[in-house]
Structures are given as C-alpha cells and as structure tokens.
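A.B. asks: Residue numbers (my numbering): 10 to 966. Quick one: the structure is below, and I'll ask about it shortly.
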C-alpha cells in the first residue's frame, strides 16, 4: 500500500505556481473519492453540471482528467493529491471510470518494447553530418588562431562578432560549440578577468577540435564525450541499450531553470551501493511539465539507470523501477582508503573524471562533516582541520549557513572552475535544498585562480604577432609537455593554455578558512513540520495571513527549523511590524546567523541579554538609546524621566525629539517640568513634540494657558436654539502663543479664504486641538450639543478638525461619537473618520455597520479596518449577504457596471483576512446558490481562504 505523500512532494509535481494555487482552491469540491494500493480517483465539481473525472496512477505517477487543461498534472489532479495527502481520501472499491483507464495502462505496459535496433540512424546521414561538423570546426580553428594572433585586446569582442561565428557553428551542426561561444560576450562585459576566461575557452575549443580530427583513433568512451560536447545527438534508444546500473538511487537535489520558455530540470542521484553519481536532465517547452517517475529529494528508489556513453559518465536515463520510493535517513558509510566525503577524496575523484573527459565543466561531489564559512573574501566550505574549498561568487548560501549554524553537515555540491555550487545539505536525516537566494549582500570573488597563467594571458592580449609565448615559464609538468609542441605560435599559445588548464583543474588546490564559533542550542520546541511548510509558503508569497499566524503562534513559543532562519531574517529586515515575532521565532540560530550577515546585524542586539543595558544609554547608537529609555519608561516611569532630565542639556539632533516622545507612555504631572523646558528648545521638532504631549495633562499650566486663550479667541453667544461661536483670532501672534506651539504652518494646513491662504483658520485648529475638551463642554454643553453650535463658514472646518485632533489625542469616546454622527465637514476629516469610529465601543461599531445596506458598501469597506480581528460573527453574516445581493444583481443584469466581484476585489480580500474562519461554511453555501459564475468563483475563493486560515491555525497545535 502506498503511503500518502507529503504536501511538499505533491507541490513539487505542480507544473507552475498558478496550478498549485488553483488546486488549493478546489478543497471542498470533491465527492466520490477513493484510493486503492496504486491509484486515486474522484469527482470534482466545476462550473458545469457534470463533474470532472480525475484519476492518478501512483505507480507512475500518471494522471487522467476529463477537464480541458493541457497541463500535466492539471489543477484537479493536484487537488486530489493534496486531499489524499491530508488524509481525506478513504479506501474504496475502484470506480468504473478509473478502472477502465488503469487497466488500459497496465495492458500497454505489458506490450513488448520496441527493438532499439529498428531505429538505427542511417550511416550515410551520420557521415554527412560528420563532414559538415568537421568543415565548421576547421573554420573555427582558423578563427581562434586569428583571435590570439591579432591579440584579444584588439580583436572584435562585440555580441555581433561572437554571434556570427556561433551561427556558423549552428549551420555546421555543432550546437554545443555554438552555445559555448554565445556565453563569451556576456563574460567580456561582466567580468574583470575576461581575458583569462576567454583564453581558457578558446583553448578548450581548440583542444576539442584537435580531438575531433582524431576521433576514430580514440577510445569509444572518449569519442562519446567529444561528440557530446560538440553537439552530436544521442538517441534515447541507444542510451537505453547501454547496460543498466541497478541501485538504490537516493535523490539529493533538484533544480528547474527556464530560458526563452524552455524549462530544464536537473535531478542529482547518488547510488547507495555503487557510490556513483547520476544526473537526469529533462526539457519541457512552454511549461515545466516533467515526468513524475523520478522521486523527489529525500526519497530513494530501487531502479535501473542507463548512463549516456562518456569518458566520465554522469548523465543518465531513468529505467525500470523495482519497487516504490521511500524516504531515506542515512547516507552510505565510507569504506575506501581515502575516506569518502573529504576534500582530498573529492579532489581525486574530480581529477579522475577530468582524465576521462578533459572538457568537463563541473562534477557533483559529496562532502561530509564540513562547515560553511562566510568571510569578507567570500564563502568557503571547510573541514575540521581548516582545509577549505571556495564557493562560486554567484552563490549566496545563507540558507546553508543557517542549517549548519557552524556545526558540521553533509553537503552535495557541484565543483567547477567558478568554485563550489551548493545543491543540498543532509542533516538530521533530511535533505534540505540550499539553492542560492538573493539575501542582499555579495562578496568579492574568491574563485580558484584562472586555469591559464598570467604569462599566457599577457601574450594573448598583445597577440602572438607581437610577442611569442614562452612555455618554459609555466609549471614544470606543463612546460615539459608544451616545449615538445611544434606548431604555429598562435596555436602553440592555445595548446599551452589547454595544457595549463587541464593541469590547474585536475589538481584542486584547497584553501584554508577558520570556522566560526557554532551556534548554541535552542531548547524550545521545534515548529511542527506542517506549520513550518506553510510558514515558508506564507513568507514566500508575502501573505496577508502572516500577522494572524504569528499572533496564534505566540503562546506556543516555537523555534523555527534552521532552514527557515535566513528567510525569517530577510522578512524581518523588510517588515518592521512583524520584526519582533519573526526574530523570536528565528531564536538563537537566527541571532547567530544575523551576526554573520552585514545587513542583518542591526536586527538583533548583541550580548547575553536581549534587553539593552545602561551602557547602551550612555554609549550606544540612537536606536539602542531609544530602546533602553523605552524599556525603562515601561518599567519605571520616574527613573526614565530622571535619566532623560539628566541627559537633556547634552542631547542634540533628531534623537532629542524621539527621546522626548517616549514620555507619552505613562505620562503624568511629574513630566510637566521637562516638557515645559522642551517648549523653549532650539529645535522645532522638539517643541512640537512637547506641545503635543502637554495637552494630555488636564491640569497642567499649558492646558490652563490654552483654556484662557480659547476663552479669549472663541466667545459663545447663547441664542434661543443653538449657541453661536464668535471667533476673534488675533492678526499677529505674540511670543507666548508661539511658545505654546501656535504658529503659521501653511504647509501643514491648507485652509483658504477669498482665494488666499487662511492663516487665522490654521491658528484656530491648533488652538482647539490643544484645548481640553472639557472646556467646550462647559461652554457649549454635551458633545452632541456642541457639534450643533453655529459658526461662520470660514471657521467651521478648522473648528471641527481641531475637535477631531483633540478627541483622538485625548481618546474621548463621547466626543468621537458626537463628531462621527455629525458627519464629516472636510476631506481631511474624512481620512480620520475611521479613527473616530475606532474609539466607539465594539457593540456600537457593530450595530452601526449592521444598519448599512448594499447601497453603503463603500462606507462599510472604509470602516471595517476599525473592527479588529476577527470581525464579529453577526457582521460576517451581514457582509456575506450583502455581497450575495450583488451576485444576484449580476446574474440578473450581467452587463451592468459595478456588480461583478472585480468591483469589490479589495473588500473580498479584506474579508478573506478578517472574517471568522467559521464563515467558510456560509461562503460555500452561498457559492452554490450563485447563478453568476464569477461570483461563484469569488465565494469559493473566499471559502478556500477561510479554510486555509483554519488549517493554518490547526497546524500550530
């Protein structure tokens, strides 16, 4: 019986991200599902009357679906697999529609295979191609000699020049050579050491041409390598005719790349018994639709592989499988004279591979008990004695460093001229992909020295017409071979460079690097696997569900898997709102990793304690000083005030205002003297902060001054029905007015009267905002009565704006209710209407929104952010019913503007985030009643998002 696959295994089968996302939305649409030992089947309800019939053959796997999709697997097959992965598919008798297809597959598999010999290529055609290739290569060899004879510095290095000779190679049916030539112009433009790289490639091509001339004299294995590098085709039938290599093949890595809509998947396998590497290379045009026969990383299968003929066999075809794939938790144990997994053993193995195929660009290797090291000069992979190999400058293996934490791990990587390229890491019985991800910093190149010597490069730049190469100045083994060459100076240079390249690449010269102190252990519980997988997706997609996820995770105090630490730190750098929970989840390993990364070091504090010390206050950076004062203010308001008062005369710069703002936490009358002093500060931002905090002290001298000023500037005339306000703002402000924060800030306030800026209106707003609201109650009565007072049209807007400022600053719900009910007199107050609404008690807010019908959806949407999370259940039901009314209107009048779900996209998105998860059932029921297909999909999406949130929270348990 096949065990259910994990969600990660199913996700890896998706042809693209959109198919996987669509598959997740189909949850809840399945019926008639079942499973047998090797198959799944089910019916998925789509937009039509007839459900889609979906079948998955787990032995392949292979897929069959009645939907019109051309993707394999389609979203329905993926959804069925996800449902099975979640344990929601029971064992049952196989359905008729599934049995018919599965039996047909079994019958086809029993048919005898086609004889490979029946498709043998025509010898005349093969000979004709070889003649064309030979002619093209001879022309290329002349071109290569001309390049180094003229000198690389003077030669045409434009894209056009390289494309012209590459196109000639395509005509000559040598695509492998053409591909190598097309890489060179990018190298010339992007690399400072381009002369070394170009000369090495020219030498490689010259050696390949020389070998092709003697093709018939060479061994069959070397002959096959030469043909492969040139680009001769090799049929799959001929490869499958090669002897099969049976083993328990462990999948250690998988990469998918795309170039001009051609998708390429590379899968690295390692034989458990044979200790041989194998590379499966697959291509798919238009979409990444690859065979699912090969297991996923971390899985192992007993199977036959057929290697492509080569002097250093690596690429292979997947053959017959002998049993189901299963996870592996160990790697083979070393048993050679030189221990497997060491850098020395890897060097020997690489040299042997180069001896069999001198044109080999890279080769996988397995290094055990190694530690990744980050230095200012780049990345290294080092052993316990300090022996190290450099990592390619294109790689940034921060995830690998997070997994290691300074402790030894087993690394699968590719070694080539640029250095090591990490593939995956094996730790704690798991294979973890450590593909390079951009994490904001890049080191200088520490790649191995160029395979050609500076002497040869210097000659190549000048040209052999001006200066001849002196092979005697090369290393002794290279010089001994090069001095025996008798040929044209240009070709002598290329052949000497080829010899030097083979010598340099065949003997890996290890570097040295010092390992960092390893990270300490984190004793907290590890985040459950399912929750960790979901969090990785949420982080990758920057999901709006992240705040809810972290809020729900707080009580459990989990630590993240080590492989997630780099992603958590990168997210923390960009997301200040979630920074603290992100860093808390990353824990000790995350703190250790952040200390290694230049851009992450400021995210965490150094030292044994998370809290800043008094030394931080005395000598720390501005953020550290502010953090220390904030923490002290929260614990001991008096001590914080005394510390700030003592330091106040010496404070300067923008930090001074930031430190003063800390007093808002637990502000009291004892803070008044310092705030009064701040009103006389030279910095305007400091004075502005002080003027904003003093109104929060009801009995302060500042509020008394403002009350007296308000009584003088705004007088009340009590009329029969409503009081009348008379405004007498002075034409000129005195020093006392300016000291208390009233000034002519025309940039901040844009009131106009008679076509000109109205300075007096701005002064009125500042006065009202800083005056205690109790003053207006004593003059005008209760807030609802005060808002009905009459006032000149010129001053009505600034008066109400000032009241809104005061109500929000003083957190007065009575005034908030009165101002909210009075409506919004200005555009500026419209933006703050939601803030007033948030001050009302939750039952009052809910009651108000329940009174709004479908004509007020825009008002509803504007106020919903003030309802917290999650929204109350009555409000959730009301909102869904209002949206259902729109769906019914859309069904009746499909052509009507504004009735489709696209017109309410933002409201639906907010509902997916804030509706209670129990509303999923209502959304699903409404979707089934929708006659409009667009609204049906919208409600299904809403239900899917709510179910997604539900599973997200359950996984944390």
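Virtual Cβ for every residue (Gly too), placed ideally from N, Cα, C.
Buried or exposed for residue 764, going by 16 or more other Cβ atoms inside 10 Å?
C.D. replies: In the chain shown, the residue the question calls residue 764 occupies position 755. Classification of residue 764: exposed, given that the 10 Å Cβ count is below 16.
A.B. asks: Considering residue 555, what are the terminal residues of the alpha helix (DSSP H) in which it resides?
C.D. replies: Looking up residue 555 in the chain shown gives position 546. First-last of the alpha helix (DSSP H) with residue 555: 555-562.
A.B. asks: What's the C-alpha gap between residue 62 and residue 559?
C.D. replies: Numbered from its first residue, the chain shown carries residue 62 at position 53. Numbered from its first residue, the chain shown carries residue 559 at position 550. Computed Cα separation, rounded: 39 Å.
A.B. asks: Between the region 326-345 and the region 292-306, do three or more beta carbon pairs fall short of 8 Å?
C.D. replies: Because the criterion of three Cβ pairs below 8 Å is met, the region 326-345 and the region 292-306 touch.
A.B. asks: When DSSP builds the beta bridges, which residues end up paired with residue 766?
C.D. replies: As a working note, residue 766 is residue 757 in the chain shown. BP columns for residue 766 point to 761.
A.B. asks: Can you list, in chain order, the residues of its chain whose CB lies under 7 Å from that of residue 462, leaving out five sequence neighbours each side?
C.D. replies: Counted from its first residue, the chain shown places residue 462 at position 453. If we look at residue 462 and ignore the five residues flanking it on each side, its Cβ neighbours are 483, 509.
A.B. asks: At which residues does the alpha helix (DSSP H) containing residue 85 begin and terminate?
C.D. replies: Here residue 85 corresponds to residue number 76 of the chain shown, with the count starting at 1. Start and end: 84-94.
A.B. asks: I need the DSSP call for residue 673, collapsed to helix, strand or coil.
C.D. replies: By 1-based counting over the chain shown, the position of residue 673 is 664. Residue 673: helix per DSSP, three-state reduction.
A.B. asks: Could you tell me the distance, in whole angstroms, from the CA atom of residue 183 to the CA atom of residue 243?
C.D. replies: Taking the chain shown and counting its residues from 1, one reaches residue 183 at position 174. Taking the chain shown and counting its residues from 1, one reaches residue 243 at position 234. Their backbone Cα atoms lie some 13 Å apart in a straight line.
A.B. asks: For residue 799, which of helix, strand or coil comes out of DSSP?
C.D. replies: Taking the first residue of the chain shown as 1, we reach residue 799 at position 790. Looking at residue 799 - three-state DSSP - the assignment turns out to be strand.
A.B. asks: Okay, do the region 649-656 and the region 670-686 touch, 3+ Cβ pairs below 8 Å being the bar?
C.D. replies: These segments touch.
A.B. asks: Can you list, in chain order, the residues of its chain with a C-beta nearer than 6 Å to that of residue 635? Leave out the 5 residues immediately preceding and following it.
C.D. replies: Here residue 635 is taken as the residue at index 626 of the chain shown, counted from 1. Cβ neighbours of residue 635 beyond the five flanking positions: 667.
A.B. asks: Identify, in the order they occur along the chain, each residue of the same chain with its Cβ nearer than 8 Å to the Cβ of residue 533, setting aside the five sequence neighbours on each side.
C.D. replies: In the chain shown, the residue the question calls residue 533 occupies position 524. The residues are 566, 567, 568, 596.
A.B. asks: CA-CA distance, residue 817 and residue 850?
C.D. replies: For this step, residue 817 is matched to residue 808 along the chain shown. For this step, residue 850 is matched to residue 841 along the chain shown. If I take the Cα positions, the gap works out to 14 Å.
A.B. asks: My guess is that residue 213 and residue 472 are in contact by the Cβ rule of under 8 Å, so how many angstroms apart are they, rounded?
C.D. replies: The residue you call residue 213 lines up with position 204 of the chain shown. The residue you call residue 472 lines up with position 463 of the chain shown. Contact flag wrong, Cβ pair sits at about 20 Å.
A.B. asks: Does DSSP put residue 584 in a helix, a strand or coil?
C.D. replies: Translated into positions along the chain shown, residue 584 becomes position 575. In the structure shown, residue 584 sits in coil (DSSP, three-state: anything other than H, G, I, E or B).
A.B. asks: Helix, strand or coil for residue 958, going by three-state DSSP, please let me know.
C.D. replies: Position 949 of the chain shown, counted from the first residue, corresponds to residue 958. Residue state, collapsed to three classes: helix.
A.B. asks: Taking a contact to mean a Cβ-Cβ separation below 7 Å, would you say residue 760 touches residue 753 in this structure?
C.D. replies: For the purposes of this step, residue 760 is identified with residue 751 of the chain shown, where counting begins at 1. For the purposes of this step, residue 753 is identified with residue 744 of the chain shown, where counting begins at 1. The answer is no: Cβ separation not under 7 Å.
A.B. asks: Can you tell me whether residue 783 is helix, strand or coil according to DSSP?
C.D. replies: Here residue 783 refers to the residue found at position 774 when the chain shown is read from its first residue. If DSSP states are grouped into helix, strand and coil, residue 783 belongs with the helices.
A.B. asks: Spell out the partners DSSP gives residue 733 in its beta bridges.
C.D. replies: In the chain shown, counting from the first residue as 1, residue 733 sits at position 724. Per DSSP, 726, 799.
A.B. asks: Terminal residues of the continuous alpha helix (DSSP H) containing residue 628?
C.D. replies: Counting from one through the chain shown, the residue named residue 628 turns up at place 619. Note, residue 628: alpha helix (DSSP H), 623-628.
A.B. asks: Apart from the five residues just before and just after residue 15, which ones in its own chain have a Cβ nearer than 7 Å to its Cβ?
C.D. replies: For the purposes of this step, residue 15 is taken as residue 6 along the chain shown, with counting starting at 1. Contacts found: 94.
A.B. asks: By the 10 Å Cβ neighbour count, where 16 or more other Cβ atoms means buried, how is residue 829 classified, buried or exposed?
C.D. replies: Residue numbering aside, residue 829 sits at position 820 when the chain shown is read from its first letter. Buried is the call here.
A.B. asks: Are the Cβ atoms of residue 748 and residue 688 separated by less than 7 Å?
C.D. replies: Sequence index remark: in the chain shown, residue 748 carries index 739 (1-based). Sequence index remark: in the chain shown, residue 688 carries index 679 (1-based). Yes, they are a contact pair.
A.B. asks: If residue 312 sits next to residue 331, beta carbons under 8 Å apart, how far is it from one beta carbon to the other, in whole angstroms?
C.D. replies: Walking along the chain shown from the start, residue 312 turns up at place 303. Walking along the chain shown from the start, residue 331 turns up at place 322. Between residue 331 and residue 312 the Cβ distance is about 6 Å, and since that is below 8 Å, they are a contact.
A.B. asks: Distance check for residue 770 and residue 615, CA to CA, integer angstroms please.
C.D. replies: As a first step, residue 615 is located in the chain shown; it is residue number 606 there, counting from the start. As a first step, residue 770 is located in the chain shown; it is residue number 761 there, counting from the start. Residue placement at residue 615 cannot be trusted, given a pLDDT of 46 that sits under 50; what the coordinates show is reported in the next sentence. Approximately 51 Å between the Cα atoms of the pair.
A.B. asks: Cutting at 6 Å between CB atoms, please list the residues of its own chain near residue 156, excluding the five before and the five after it.
C.D. replies: Stepping through the chain shown from its first residue, residue 156 is reached at position 147. Taken in chain order, the residues that qualify are 164.
A.B. asks: Measure the CB-CB distance between residue 220 and residue 319 and report whether it falls below 7 Å.
C.D. replies: Within the chain shown, the letter at position 211 stands for residue 220. Within the chain shown, the letter at position 310 stands for residue 319. Cβ distance not < 7 Å, so residue 220 and residue 319 don't count as in contact.
A.B. asks: Can you find the residues in the same chain that come closer than 6 Å, C-beta to C-beta, to residue 875, ignoring five residues on each side of it along the sequence?
C.D. replies: Taking the chain shown and counting its residues from 1, one reaches residue 875 at position 866. Taken in chain order, the residues that qualify are 843, 846, 847.
A.B. asks: With respect to the alpha helix (DSSP H) encompassing residue 934, which residues constitute its N-terminal and C-terminal limits?
C.D. replies: Stepping through the chain shown from its first residue, residue 934 is reached at position 925. Run containing residue 934: 929-938, per the alpha helix (DSSP H) assignment.
A.B. asks: Just mark residue 19 as buried or exposed, buried being the case when its beta carbon has 16 or more other beta carbons within 10 Å.
C.D. replies: Counting from one through the chain shown, the residue named residue 19 turns up at place 10. Residue 19 comes out buried.
A.B. asks: Which of helix, strand or coil does DSSP assign to residue 245?
C.D. replies: On the chain shown, position 236 is the one that residue 245 refers to. The answer is helix: DSSP assigns residue 245 an H, G or I state.
A.B. asks: Can you check DSSP and say which residues form a bridge with residue 73?
C.D. replies: By one-based count along the chain shown, residue 73 stands at place 64. BP columns for residue 73 point to 64.
A.B. asks: At the level of alpha carbons, what is the spacing between residue 938 and residue 882?
C.D. replies: Working through the chain shown from its first residue, we reach residue 938 at position 929. Working through the chain shown from its first residue, we reach residue 882 at position 873. Approximately 21 Å, taken between the alpha carbons.
A.B. asks: Which residue's Cα is closest to the Cα of residue 404: 427, 541, 351, 205?
C.D. replies: Here residue 404 corresponds to residue number 395 of the chain shown, with the count starting at 1. Residue 427 is the option with its Cα nearest to residue 404.
A.B. asks: Might you give, ordered along the chain, the residues of its own chain that have their beta carbon closer than 6 Å to the beta carbon of residue 580, omitting 5 neighbours on each side?
C.D. replies: What you label residue 580 is simply residue 571 of the chain shown in a count that begins at 1. Within the same chain, residue 580 has close Cβ partners 548, 591.
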